[in-house]
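Asker: Mapping of the sequence shown onto UniProt numbering: position 150 corresponds to residue 150, and the numbering continues sequentially without gaps.
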Amino acid sequence: MAKVLYSATASLDGYIAGPGGDMSWLSDHLGGDNPTAERLLNNVGAILAGNGTFGGDDPNRGTDSEGAFGGQYHGPVFVLTHRPPAEPPADVTFVGDLHTAVAQAKEAAGDRYVNILGANVAKQCIEAGLLDEVLMFFAPVLLGDGVRMFDHPGGTKVRLEPLPGETEHWYRVVY
């Protein structure tokens, strides 16, 4: 059965996007060999993204690397939104309910991961008890402002435990 994973690259101060969703900072930190990222890509069976992430800034826009995982992901994509486009792309499913979106993405993923893209969807999955794992990659940069990898005003403690045998920033969510 599919597991739901939130993976992202963050600045060392915890931002996955700059102010206004700017992702241009990430282009300086892409590329190179990363066995964990390659293994992850090979194990993603579906992507679940928020509408802001889906239609947002792509540091590779207009290049062969545009899209999820630097354009290397080719598979089912589900977008959680209450405002689907009038003419949706043929290869994207727009869903208005979190539980339905996760269920459809898990079915499409089979025994592989549903990879969450976007902090808001990840937060919703945490609050609903639907997130299984978190994998963070860190880029050597400080952004100082933007979209945090997890933001819950007033604070929320989410307990994570390292996954045995995995990279140091791959965790199981403990509810």
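For glycine and all other residues, C-beta sits at the position ideal for the given N, C-alpha and C.
By how many angstroms is the C-alpha of leucine 142 removed from the C-alpha of valine 44?
Answerer: For valine 44 and leucine 142, the distance between alpha carbons rounds to 29 Å.
Asker: What three-state label does DSSP hand threonine 156 in the structure shown?
Answerer: Coil.
Asker: Going residue by residue through the region 80–110, where are the continuous beta strand (DSSP E) segments of at least 3 residues, counting only ones entirely within it?
Answerer: Listed in chain order, they are 92–95.
Asker: Alanine 101 to proline 89, Cα distance in whole Å?
Answerer: Using only the alpha carbons, I get a separation of about 17 Å.
Asker: Below 8 Å on the Cβ atoms is my guess for tyrosine 15 versus isoleucine 116; work out the distance and round it to an integer in Å.
Answerer: Their Cβ separation, rounded to whole angstroms, is 17 Å, which puts tyrosine 15 and isoleucine 116 out of contact at 8 Å.
Asker: How many angstroms separate the CA atom of phenylalanine 150 from the CA atom of alanine 46?
Answerer: In a straight line, the C-alpha of phenylalanine 150 is about 21 Å away from that of alanine 46.
Asker: Cβ of residue 178 within 8 Å of Cβ of alanine 105?
Answerer: Residue 178 is absent from the structure shown; the chain starts at 1 and stops at 175.
Asker: Here's the rule I'm using: 16 or more other beta-carbon atoms within 10 Å means buried, otherwise exposed. How should valine 174 be labelled?
Answerer: Exposed, since its Cβ has fewer than 16 Cβ neighbours within 10 Å.
Asker: List the endpoints of the continuous alpha helix (DSSP H) containing leucine 40.
Answerer: Here the alpha helix (DSSP H) through leucine 40 covers 35–42.
Asker: Would you identify the three-state DSSP class for valine 121, choosing helix, strand or coil?
Answerer: Reduced to three states, the DSSP call for valine 121 is helix.
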